[in-house]
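Written out below as structure tokens is the structure these notes cover.
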Amino acid sequence: MNALELARITKSFPGVRALDGVDFEVRAGEIHALVGQNGAGKSTLAKVLTGLERPDSGELRVGGRVVEPRDPRDALACGLGAVHQEVDLVPEFSLAENLLLGREPRRWWGIERRELEARARAALAEFGLDLDVRRPAKSVPLGVQQLVCIARAIAERPHVLVYDEPTASLEEREVERLFAEMRRLAASGLAQVFVAHSLEQVFAIADRITVLRDGRRVGTFEAAATTPHAIVEAMLGGALGAAPVRRVATDAAAWLDVRALRRAGALEPVDLTVARGEVLGLVGLVGSGRTELARALVGANDGVHGEWRVDGRAVRIGSPREAAAFGLVLSPEDRKVDGLCLGLTVRENIALGAQRRARFALQSRRAEAELAERWIRALGIAARPEQRVGTLSGGNQQKVILARLFAAEPRLVVLDEPTRGVDVGAKSQLEARIAECAERGLSVLFISSELDEVVRRARRVLVLRERRLAGELVDATTSDLRRMMAGAEASPDETARGRGAHGE
Amino acid sequence: MKVARFLAERPLALTLVVFGLFAAFAGARYDGILSWRVLANLIEDDAELGLAALGATFVLIGGGLDLSIGAVCACSGVLVATLVTGHGVEPALAFGCVTAVGAAFGAFQGWVIERAALPPFLVTLAGLFLARSAALALAPESIAVDHPTLAALGDARLELGDFSFGVLGGAWLLATLGGAWLLALSRFGRAVRAVGGNPRAAANFGLRPARVRIALYALSAGCAALAGAAHVVYGGSASAIAANGMELDAIAAAVIGGTALSGGVGSAFGTALGVLLFGFIQTVILFEGTLGAGWTRIAVGALFLGFVAARRLIERWARAT
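For the protein sequence lines, the chains are A and B, in the order given. Note that the first sequence covers residues 973 to 1476 in the numbering used here. Note that the second sequence covers residues 3 to 323 in the numbering used here.
Printed below as a string of structure tokens:
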């Protein structure tokens, strides 16, 4: 008997049929990956499974029993546990309070604190985590917070555990740890549904893979008997040509030259140069100072010091606004907080980027609409110009950010994790778009956790480790980068230009 | 900088520091202001605002806002007066009735907020208009309440040496203790802080944020209704225009006591301290003698602004280190 069965699940939103008669089943002890492009319906399906959305029609069976979860609480009671993409902890609460929220042990006087902490410790220990459960959730790293969320979901003893992109905020090491835990849970008979973006991860963990496209199930594949290429073809619905790999030379003169860029306690002095039309890679583990460097470069944090030279001329950059005046713009990591006005429409957000260039205070609405249409087409954004950005999927939001950046016609863009949460198809569109812009003279500082993406795009890569520059590699392989990120010093021949190795 | 971090992590600490400085200043300037008698009066005088502010604290911690507190307070005062003088109802029964009616009114507001997904600001503003005009319709003029039980309640004192407790102060103290217990040790309190701190997580954890918030508005309006009853006991009369703007005083007291407007953080004792600080300022102005009542509001406004600015500065320092 299957642990979970979905029969003809259909769900429509105004103007979209998000799920169209989806059949889907998960066996006990199986890790079942759910993949598809943005808008293919995998998030909606995950929401149906976790009680966040109710299907218009169709049937949901857990362990053979028909269930109709009304809300997350109800879903839990039906045996459907959930781990969400964004960390679901109350920041002010201790880890113990978070772990046992709603299930606190009580005595006649109320909640028994010591018992609460003991149980939390036991739950974490079972999960292989040794943490001080009295610490507030906000004081531990994001990756650990996500593991705590999972420990919490498991503590509910669900029949099926649904992960909605749980690795989005995790470091590689933490992903490994999560996968080890998922395998252990699978061995104990738990059925697990894994909604994922990274095919590398899918193939590392999944037993079977179900592909969704346009709200329909395209097929279910045994992971051992298929290839990433075949899965991508199923996702995109057509044969896939080899992706063009173009990397721009680094020999041109430095356009931007920054010396001793630093911020007390957060970033040790870093020198860096970027040539016109160069794509410069920047890698490092979470917490290595990547995002700090990105923000410092455009003056987005207080207390940043350094000497900027643009085209050989010394300039002073103290705020993103001043940086933008020299054509330096940042696409931030946390797009919802830093990057977009969610209440405004796609057109308005894109027009915000161009506003600085506008000759008059008021832009004509028609010009704005044309600008928006152009970028919606160019980046393949699945949205109408008058749609509010808050209603778009993550990948499309990321594209709107890029559209806004490019609409400002910058000289250098700093892209901090531009492909996080973006599906495979959109990723290659984004990459192609970035390469095109680089060819026309735009410089790019490309920050990403996905090392294969970095080595594909950038010839020269800077490696940060523990808030300082660990070294610079040219034509490096992903394993070179990984080694340096982890702590090996650069040997002279590695930093030398023109090292022959390409790819792994 | 250690000091800054200590203060930033304990919102109540700054309140205590400000209170201490203020008391030291007042003690040096006026004879007899730091006495048990003054404290006892302070508690008795502030019980009405204290009860209302306790309810406001809960709503704020849960991430909401209740603008109807003053109006509900006035309305329930008038209701008590009408019941007791007009219909001969026993005061204790009347208190119970108005508290229940108030809680029901609050629950109704909460239900509208949740069902229609409207901002609490708008719904409780409508509640303010409704309750205030209901009070006016009920009693266009001020009603004097003359009842032996009420008089006895007003005069009853528990003498503890120089210090003494009246019925109102006692009720406030008990309510504050109850509120503190709820927040710290009950599942409901946990749920309130979780819903205010991260509603999405609370929902995904299997709590029911909507129910929690409806309960909070019921609690807030219930507290406001009790404050209305306290008003009648304290003044021996009720008026439809009483407690004008009390909701804002209540919110200010809660904020001074360490409650975050963004939700998730706050304490019952902190709010009580905030209320006492307001009352103390009034006492100081009284002791000064030459200053008019307008100066109380000026001093309160200045203190409030200084306090929130200081807290923001301290947070910034703490983060910079």
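Beta carbons are placed, not taken as given, at the ideal position from N, Cα and C, and that holds for glycine.
Distance check between B/L179 and each of B/C77, B/A320 and B/G272 places B/G272 closest, using alpha-carbon atoms only. One thing to note: A/S1415 has its Cβ within 8 Å of the Cβ of A/L1384.
Under the Cβ distance rule, B/V267 counts among the residues neighbouring chain A, one pair being separated by less than 8 Å. Residue pairing for A/S1303: DSSP places it in a beta bridge opposite A/L1387.
For chain B, the residues of the stretch 1047-1065 of chain A that bring a beta carbon within less than 9 Å of one of its beta carbons are A1047, L1048, A1049, A1054, H1056, E1058, V1059, D1060, L1061, V1062, P1063, E1064 and F1065, in chain order. Annotation: A/F1175 to B/A182 spans about 52 Å, alpha carbon to alpha carbon. Sequence-distant partners of A/L1072 (beyond 5 residues in either direction) whose C-beta falls short of 7 Å from its own C-beta, in its chain, are L1088, R1091 and A1092. The CB of A/R1180 never comes closer than 9 Å to any CB in chain B; the least such distance is about 26 Å. Of all residues in the stretch 174-208 of chain B, only W183, A186, L187, S188, R189, R192, A193, R195, A196, G199, N200, R202, A203, A204, A205, N206, F207 and G208 place a beta-carbon less than 8 Å from a beta-carbon of chain A. Between B/R314 and chain A, the shortest Cβ-Cβ separation is not below 8 Å. Across the structure, A/N1368 and B/F107 are spaced so that their CA atoms are roughly 44 Å apart. Our two residues, B/T292 and B/Q284, have alpha carbons roughly 13 Å apart in a direct line. The criterion of a C-beta distance shorter than 8 Å is satisfied by B/A232 and B/A49. Put simply, the backbone Cα of B/N200 is about 11 Å away from that of B/V267. Using a Cβ-Cβ distance cut-off of 8 Å, the stretch 16-24 of chain B and the stretch 211-218 of chain B are not in contact, since fewer than three pairs of beta carbons, one from each stretch, lie closer than that value.
Here the stretch 1227-1243 of chain A makes no contact with the stretch 1188-1201 of chain A; the two share fewer than three CB pairs at distances below 8 Å. Assigned with DSSP and collapsed to three states, B/T292 falls in coil, not helix or strand.
Look at B/R215: its C-beta is not under 8 Å from any C-beta on chain A.
For A/P1041, the CB contacts under 7 Å within the same chain, skipping 5 residues up- and downstream, are G1023, A1047, C1050 and L1052 in chain order.
Following the DSSP letters along the chain, one finds A/V1426 inside the alpha helix (DSSP H) bounded by residues L1423 to R1429. As DSSP reads the structure, A/R1129 sits in no beta bridge. For B/R117, not one C-beta of chain A is nearer than 8 Å to its own C-beta.
Excluding its 5 nearest sequence neighbours in each direction, B/A146 has C-beta neighbours in its own chain below 6 Å: S239, listed in chain order. Interface residue (Cβ-Cβ distance to chain B less than 8 Å): A/G1290 is not classified as such. Straight-line measurement puts the Cα of B/T151 at about 30 Å from the Cα of B/F282.
Under a criterion of Cβ atoms nearer than 9 Å, the residues of chain B adjacent to A/G1082 are, in order, W183, L184, A186, L187, S188, R189 and G191. Comparing alpha-carbon positions, the option among A/S1170, A/A1225 and A/G1187 lying closest to A/A1018 turns out to be A/G1187. With respect to the C-alpha of B/G230, the residue from B/I287, B/A83, B/A10 and B/E11 having the closest C-alpha is B/A83. Taking the C-beta atoms as reference points, A/L1436 is found nearer than 8 Å to A/S1260. The stretch 57-68 of chain B and the stretch 218-228 of chain B touch, with three or more beta-carbon pairs separated by less than 8 Å. If you check the CB distance, A/R1235 and A/E1279 do not come in under 8 Å. Taking the CA atoms as reference points, A/F1065 sits about 43 Å from A/L1208. Rounded to whole angstroms, the separation of the alpha carbons of B/G171 and B/G237 is 14 Å. Cβ-Cβ distances below 8 Å link B/V74 to G104, F107, G108, G129, A133, A223, A226, A227 and G230 in the same chain, with the five nearest sequence neighbours on each side left out; the list follows chain order.
Taking CB atoms only, B/R210 has a neighbour in chain A less than 8 Å away. At a cut-off of 8 Å between C-beta atoms, A/L1257 does not count as an interface residue with respect to chain B.
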